[in-house]
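Accompanying notes for the structure given below.
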Amino acid sequence: MSKKILYGTLDTINLLIFLSSFGEKYTTSSKLREKFPDIKRHTLDMKLKKLKEQKLVEWLIKKPQIAGADKREYRLTKEGVKVCNDLIELNFKILEPVINKMVQSDLKSSKLNEEIINNILMEFSEESTDMVTKEILEEQVKLLRKSLEKLL
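Note that our numbering has the sequence shown beginning at 138, numbered continuously upward.
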């Protein structure tokens, strides 16, 4: 699959998700253009036309009170909402292992950081035991722990 097709597909998914955020209300074409400035106007119109042909989007044409082009407003159909929800669910299924792996990696790194901090503090305590009182050493260990936690 080419990058162009992939990006076009992702744009369509984003468009469906954006339209779903309005529920049963219509949204104007100007809001769509504002939300998707990277999609050329003609391309956006063609995407919306294709979605309408697939019965995923419906539109209203409002005649303006002043002279000018007709104003279109768009919303998802019930089928469009279903397809949008299915796409979101599918994306979560695809991304779930990646998210879990990232979370596990973060947990491992935080456990590793805690282990590193404890080793440094233990070494510091052993080296400093004869130099300062117990109370001062405990205070220094607390301060050093805070600093190391921020650093790591």
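Note that CB positions come from ideal geometry on N, CA and C, so glycine has one too.
Runs of the alpha helix (DSSP H) lying entirely within the segment 163 to 213 and spanning at least 4 residues, in chain order: 166 to 172, 178 to 190.
Looking at K208, R209, R170, W196, the one whose alpha-carbon comes closest to that of G217 is W196. Annotation: G145 to T180 spans about 10 Å, alpha carbon to alpha carbon. Leaving aside the five residues that flank R170 on each side, the residues in its chain whose CB is nearer than 7 Å to its CB run, in chain order, R178, L181. Relative to T214, the option among K283, E251, L153 whose CA is nearest is L153. Taking the C-beta atoms as reference points, Y163 is found no nearer than 8 Å to E226.
Using a Cβ distance threshold of 8 Å, I257 and L285 count as a contacting pair. When rounded, the separation of the alpha-carbon atoms in K199 and D175 is 26 Å. For T270, the secondary structure class from DSSP, reduced to helix, strand or coil, is coil. When rounded, the separation of the alpha-carbon atoms in D148 and L156 is 12 Å.
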